[in-house]
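Worksheet: the structure to be examined is printed underneath.
Residue numbers (the working numbering), protein chains in the order written: chain V, 33 to 430; chain H, 33 to 430; chain U, 33 to 430; chain L, 33 to 430.
As structure tokens, this is what we get:
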């Protein structure tokens, strides 16, 4: 029986050429899989037809926007997932979802190999291949760009030679990856890290410096899940989309950073993720109100490791799974409303309201009604500082 | 010989009354110590004279602004010290410095007791007393407000009865603590955590929403120390002061959060710290450029613990000392320039330049000149994902 | 209505006197609760009658040995719970169980206060009171020894004066706390930390230095739970009891250490916990065989924090609960057999066998059958070492 | 000019063949470097002559035993370096030292390449190559066994064909690596992880089960450095050697474990490291006596990461360097005596004595002389448990 390869297909030049390239290099039949994670652009039907026109024996297309929001973005919100305290893991979250659909398609069609269009120096190759190793460890992975030396120039030549139905324009100066959780922009003049980004590269966000009226929004969470915006019930997808609109219109969520890639190099990345940043900002403050101190302190460490694992392509790893259990438990009481002002590039929390609040006015107030027994403090301080005091006596004596 | 008590003196009503209150409660002589950490207000000389007029047998005043910036704010910048990822530890940094001067004054004048004006439900009482326990474990601490039931009303009555030279106006609705690294505002209507702050409460920062021209600034660091602003050499104090001015004028550094106090309660705090936030933002990004990945990842954990220790009043603790060693080593190559745009409440990094940069254009670029050997990646990914793959085989089989 | 106090009752002099002491000090009725956690000694019925004879209005006795093993010792085995890498948390595990029964009894009898016999300088007072604060935050706690100055001498006088049915012999030179998970010995000549323990103080263990035949045992775990010993099905309680016998007979599980108490002081503690140490040793090695590397590495940190929380009396805390979720997930595949030799004070693992094993002979072997593709390693090493290499180039140049 | 390759030379079959193999494969001249880290066996002079006889153009031999003990084993003692809480990093410690000498020799002789005899599936290849990447990032690395398919059979054939002056006996069933800090045994029947080790494989240790008299030893440390044994001044090397003898004679330091290799597989390893285990045991307990609690708790995490880094071949990494600073500071007061009984495979601490002790008899004692103010505890407990109590009220209400 002819071997089959399942290819992660975007509809663009590179992966369109991959179809034929893989067929020639391996003799296998190629099955294209395109997944809509909210990246915009052409319709799935157009993409499906192009895959077939480019030689795919089958083409599967999936509208996975709700699945992406619910199963991948939501855990990131609950974990306040920010790699290097900044990057809301936009691309890193979509890769495992795509991997899941690739593996399922491979099973369905009896394919033994999975292919992707990544280069050999980025994170995404790892996310694809480590993901496949975890979901379908018997499958092998190939990356034509990396493994079969499929350069851009050769791809254009191939497309023209074969008369593939794709426009082979000059490459954009930027490399873009987008989904509903955000948009990543790299390469071009941004590779000089002294250069500032220009307005031109942004799509999800307006110029934060432009004068406009602030927007006030109230986000409601239940057990860490955003369930309403300004009192209107929403799915997680709708919450992200509405905040992409509204926070994006205020320039919220632009990130410009030098980042540590898994492959050991530093790269300069520009992101825009208005909905993600607004939701995480709100979620963090609701945690400040509803999560007990020691749990909150430990959760910060867990969040860091969680974010590193996801960034590093280990979404399906045993450690990620165990950390998810921790994160889920920590969100058990993260319910209530957060009011934010969106303006000038910032999502600024201005109010919180929660039936699960641990903020106790009668303990916190310095006014009438103070219920805190201050006489307890002397004993607390003395014993809290005891080990340090004993050490100090020793240190000062030596 | 008459016992002596050294009192942390601010010149305000509470600590002015403390002088006589302590004398009456203990029979001891009171020595007042006032430390200028950039809180503004009256001159040290005026404060010194008031202390004596209120009955202090001695009054020491210290301009410690440079010492504060160099010995307390600078380590916080190097450690990106942000409690709960937000609060740049403004008050928490000044307390150990004051403690140091209290202990030194106690030694100089043979005092066996140190006193402060804190209440029994905040963090500052712990910072004073745990600090004294570490620097001078033989001294005892008293807090008249907490230990001798010195309420505000009683203090006013005392001041009027004794004719103390202080204005006993109605208390401000807010409780303010300020120094050159920032300003903290609490109590009043902010104790309802659904209420938004009003413009009125801010002093270091202008309204970020007001239309104005952005300000661009370049900060130069050497081994983690800010040494120049826009190319002009500065001391750490000058760096903070200049950025307080310029970032403050753009509304940078406002923080509104619910925070976990050491004494176990949550409180609502509003801060403004334009210089601190601008400097830490710049320092973080310069670390992104100059610090090796694994060191950078670990440092985040160290920063969190460092910030908790400082917040919790353990500045002089053995663990804080050991973490300082780590932080110092991690800053060995944090040298270079960071360009930021200050505007609309944000300090946004737009460029970095460093002779110690680990960003390698030839490895990062996707353009001509790419020096990264992509053929290495396949082996890397396979082995990087090996333990997960073996586990997946087991998990899927069970 | 008369107030009621529920007292943690052991049957010994101190808590027997507490019954009357509390009644006199507070005017309340005292209800005694005795919990059998395997401490040995008198029967629950004898203890119950003594409580009544000493003036208790009610006396509840509970055989909680199985509950203790299942709900408290088992989580500790799964978490490899060793405070300071040594102490298997013997007393720290029993306190929350007793607290649970105290709270339940208080509810049943409408009591508003809980009492315990602890002093004011140990960990157990914290474990009782922090436990009550978490299970029944409306109850208040009293500790007659600490709060009502009930010294040993006064207790003896009280017992004699009231004719209480207890023997008021001279106190043992040691302070002992025992349960099925182990036995703790402190005070006396051991307070000189240069003194070695003597054979006399041990009860669960024989002299490890005495010549005897080794004992070989196979422990079977399912998902982290010990379910069989030498192929015979056991409950957790039986597993601990059988290994207490057999490992104890070989001198396994003696611990002599200086330990950091929660109240800030260091104390010298001697423990013997043969079953606990044998089971944890076996469990750790089965984890080595069945838990994926990154999960295993992270779990060590979780274990440390888990052990600190339990030691510090925070069994019922939100963080402990969230860590339990992690530990549970990490044990999902910890199933299989561990063979150990018990001898000379050591439980030495000599074999492991598991259907969930991640040890793959074909990958590990250096002999025929080697399936590891060594050609992958060069790429792995190059990229694994990349960030360090780039940093080295910079460091060597500066 | 002819290229030169510096080879890590052991004198055994594999690396003897490597000399000619590399010369044939690359055309380069080979310079052999042999380093004595206490592995025993032939004299350095014999090894040097054999290298030359096998075709090396130069042969450098180094007695690095003292350097190894002082610069590599000592930091491991200070860090209580135990990978997976068990393995004292024996081989992992010697590799960076050898790397340092390889790099120095390469510089001295103008070589551009370094070679080692490791296979492609172990940790040592990573330790060599990541080490070289950090010390001499311009050098390239080769591993003939891995890169040039130099199997054992081919090596024997090569040796016989060329008449190399080495005995080409049948391979030992075990693979051994030894140095003064310990000895590692793997492969053979031990690859079946259910098989117990046999007495035959051990060399540094006697059977712990054999009846013999216990040995008592007192080790003195200054700032974490072992400086005397039974009162006699020793170098670090002598301390290790003497304890290898004495603890080894009592069967101390045998380890049998399944271990997570850096290359993602689990392997079964047997070690014997009597001196290392005895010294680390003593050092840990002296830390228990002299290190403040919070520093001690944090140090455990640092130790784990330190051990992982060293195991993973990152001895010269920036993070390792920064952790060393922490470890050094934490050892500042680790001075004093530890008395241990060596017997039956165990090094059991029985006494500690230190001028830097933080153990305070007057605070710890329950007898006359108790200086601990128990009245402080109530306030401490109440506030220590406050955040949990507030959370409990919320949780119970929901």
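Built from N, CA and C at the ideal position, the CB exists for glycine as well.
With a CB to CB cut of under 6 Å and the five nearest residues on each side skipped, what residues in its chain are close to residue 118 of chain L? One-based indexing of the fourth chain puts residue 118 of chain L at position 86. If we look at residue 118 of chain L and ignore the five residues flanking it on each side, its Cβ neighbours are 287 and 289.
Quick check for students: name the residue ranges of the beta strand (DSSP E) that lie wholly in the region 181-268 of chain H, counting only runs of 3 or more. 207-211, 214-218, 247-254 and 257-261
Which residues, in order along the region 382-403 of chain V, keep a beta-carbon less than 7 Å from a beta-carbon of chain L? 388, 390 and 392
So what does DSSP say about residue 379 of chain L, is it helix, strand or coil? Working through the fourth chain from its first residue, we reach residue 379 of chain L at position 347. Residue 379 of chain L: strand per DSSP, three-state reduction.
Taking the Cβ atom as the reference point for each residue, do residue 420 of chain U and residue 162 of chain L lie within a distance shorter than 8 Å? Within the third chain, residue 420 of chain U is the residue found at index 388, counting from 1. Within the fourth chain, residue 162 of chain L is the residue found at index 130, counting from 1. Against a cut-off of 8 Å, the Cβ pair of residue 162 of chain L and residue 420 of chain U comes out as a contact.
Residue 394 of chain L classed as buried or exposed, judged by whether at least 16 other C-beta atoms fall within 10 angstroms: As a working note, residue 394 of chain L is residue 362 in the fourth chain. It counts as exposed.
Give a yes or no on whether the C-beta atoms belonging to residue 250 of chain L and residue 370 of chain L are separated by under 8 Å. As a working note, residue 250 of chain L is residue 218 in the fourth chain. As a working note, residue 370 of chain L is residue 338 in the fourth chain. Result yes, Cβ atoms of residue 250 of chain L and residue 370 of chain L sit closer than 8 Å.
Member of U/246, U/262, U/299 and U/280 whose CA lies at the smallest distance from the CA of residue 402 of chain L: Taking the first residue of the fourth chain as 1, we reach residue 402 of chain L at position 370. It is U/299.
Do residue 241 of chain V and residue 376 of chain H have their beta-carbon atoms positioned less than 8 Å apart in this structure? Here residue 376 of chain H is taken as the residue at index 344 of the second chain, counted from 1. Here residue 241 of chain V is taken as the residue at index 209 of the first chain, counted from 1. Cβ atoms of residue 376 of chain H and residue 241 of chain V: closer than 8 Å.
Name, going along the chain, the residues of the region 325-353 of chain U whose beta-carbon falls closer than 7 Å to a beta-carbon of chain L. 325, 328, 329, 332, 333, 336, 340, 346, 349 and 350
Use the C-beta contact count for residue 349 of chain H: other C-beta atoms within 10 angstroms, 16 or more gives buried, fewer gives exposed. Within the second chain, the letter at position 317 stands for residue 349 of chain H. Residue 349 of chain H should be labelled buried.
Closest Cβ-Cβ distance between residue 116 of chain U and chain A: below 8 Å? The structure shown contains no chain A; the protein chains it does contain are V, H, U and L.
Is the region 306-326 of chain H touching the region 128-140 of chain H in the sense that three or more CB pairs, one from each, lie closer than 8 Å? no
Which residue comes first and which comes last in the alpha helix (DSSP H) that contains residue 171 of chain L? Within the fourth chain, numbered from 1, the residue matching residue 171 of chain L stands at position 139. Neither: residue 171 of chain L is in no alpha helix (DSSP H) and is coded neither H nor E.
Starting from residue 65 of chain U and walking both ways along the beta strand (DSSP E), at which residues does that stretch end? Taking the first residue of the third chain as 1, we reach residue 65 of chain U at position 33. Residues 61-68.
Whole-Å CB distance - residue 159 of chain V paired with residue 368 of chain V, under 8 Å assumed: Locating residue 159 of chain V in the first chain gives position 127, where the first residue counts as 1. Locating residue 368 of chain V in the first chain gives position 336, where the first residue counts as 1. About 34 Å separates the two Cβ atoms, so there is no contact after all.
Does at least one heavy atom of the ligand GDP sit under 7 Å from the Cβ of residue 90 of chain H? The ligand GDP is not part of this structure, which contains no ligands at all.
What is the DSSP secondary structure of residue 418 of chain L, counted as helix, strand or coil? As a working note, residue 418 of chain L is residue 386 in the fourth chain. DSSP places residue 418 of chain L in helix when its eight states are reduced to three.
Using only alpha-carbon positions, find the residue among L/186, L/335, L/391 and L/359 that is nearest to residue 222 of chain U. One-based indexing of the third chain puts residue 222 of chain U at position 190. It is L/391 whose Cα lies nearest to the Cα of residue 222 of chain U.
Suppose the cutoff is 8 Å on Cβ atoms and the five residues either side in sequence are ignored; what does the same chain contact list for residue 211 of chain H look like? Taking the second chain and counting its residues from 1, one reaches residue 211 of chain H at position 179. So the qualifying residues of the chain are 69, 70, 71, 100, 122, 123, 125 and 126.
Leaving out five residues on either side along the sequence, give the residues of the same chain with a beta carbon under 6 Å from the beta carbon of residue 347 of chain H. Position 315 of the second chain, counting from 1, holds the residue named residue 347 of chain H. Taken in chain order, the residues that qualify are 128.
Determine the direct distance from the alpha carbon of residue 196 of chain H to that of residue 406 of chain V, and round the result to whole angstroms. Position 374 of the first chain holds residue 406 of chain V. Position 164 of the second chain holds residue 196 of chain H. The straight-line gap from Cα to Cα measures roughly 27 Å.
Beta-carbon proximity list for residue 59 of chain U, same chain, < 8 Å, skipping 5 on both sides: One-based indexing of the third chain puts residue 59 of chain U at position 27. Counting only Cβ-Cβ distances below 8 Å, and skipping sequence neighbours, we find 34 and 35.
Identify the residues that DSSP records as bridge partners of residue 19 of chain H: which are they? This structure cannot settle anything about residue 19 of chain H, because the visible part of chain H is limited to 33 through 430.
Along the alpha helix (DSSP H) that carries residue 317 of chain U, what are the first and last residues, could you check? For the purposes of this step, residue 317 of chain U is taken as residue 285 along the third chain, with counting starting at 1. Unbroken alpha helix (DSSP H) run through residue 317 of chain U: 306-322.
C-alpha gap between residue 337 of chain H and residue 130 of chain H, whole angstroms: If you number the second chain from 1, residue 337 of chain H lands on position 305. If you number the second chain from 1, residue 130 of chain H lands on position 98. Spanning the two alpha carbons is a distance of roughly 23 Å.
Kindly indicate the opening and closing residues of the beta strand (DSSP E) around residue 36 of chain L. In the fourth chain, residue 36 of chain L corresponds to position 4, counting from 1. That run of the beta strand (DSSP E) goes 36-40.
Beta carbon of residue 384 of chain L, beta carbon of residue 169 of chain U: below 8 Å? Within the fourth chain, numbered from 1, the residue matching residue 384 of chain L stands at position 352. Within the third chain, numbered from 1, the residue matching residue 169 of chain U stands at position 137. No.
Contact belief for residue 191 of chain V with residue 49 of chain V at Cβ below 8 Å, rounded distance in angstroms: Start at 1 with the first residue of the first chain, and residue 191 of chain V comes out as number 159. Start at 1 with the first residue of the first chain, and residue 49 of chain V comes out as number 17. Going by Cβ atoms, the distance from residue 191 of chain V to residue 49 of chain V rounds to 5 Å, so yes, they are a contact pair.
Might you give, ordered along the chain, the residues of its own chain that have their beta carbon closer than 6 Å to the beta carbon of residue 173 of chain H, omitting 5 neighbours on each side? In the second chain, counting from the first residue as 1, residue 173 of chain H sits at position 141. Here the set comprises 146, 161 and 164.
Establish whether the CB of residue 408 of chain V and some CB of chain L are separated by less than 8 Å. Counting from 1 along the first chain, the entry for residue 408 of chain V is found at position 376. Judged by the 8 Å Cβ criterion, residue 408 of chain V is in contact with chain L.
Assumed close pair residue 266 of chain L, residue 274 of chain L - CB separation to whole angstroms, cut-off 8 Å: The count along the fourth chain starts at 1 and reaches residue 266 of chain L at position 234. The count along the fourth chain starts at 1 and reaches residue 274 of chain L at position 242. Sure, about 7 Å apart at Cβ, within 8 Å.
Might you give, ordered along the chain, the residues of its own chain that have their beta carbon closer than 6 Å to the beta carbon of residue 85 of chain V, omitting 5 neighbours on each side? Start at 1 with the first residue of the first chain, and residue 85 of chain V comes out as number 53. Contacts found: 197.
Decide if residue 282 of chain U is buried, meaning its Cβ has at least 16 other Cβ atoms within 10 Å, or exposed. The sequence position of residue 282 of chain U within the third chain is 250, counting from 1. Under a 10 Å Cβ-count criterion, residue 282 of chain U is classified as buried, with 16 or more other Cβ atoms of the shown protein chains found around its own Cβ.
Going by DSSP in three states, residue 291 of chain L sits in which element: helix, strand or coil? The count along the fourth chain starts at 1 and reaches residue 291 of chain L at position 259. The answer is strand: DSSP assigns residue 291 of chain L an E or B state.
Would you mind telling me which residues of chain V sit closer than 8 Å to residue 219 of chain H, beta carbon to beta carbon, in chain order? For this step, residue 219 of chain H is matched to residue 187 along the second chain. Per Cβ cutoff of 8 Å: 397, 398 and 399.
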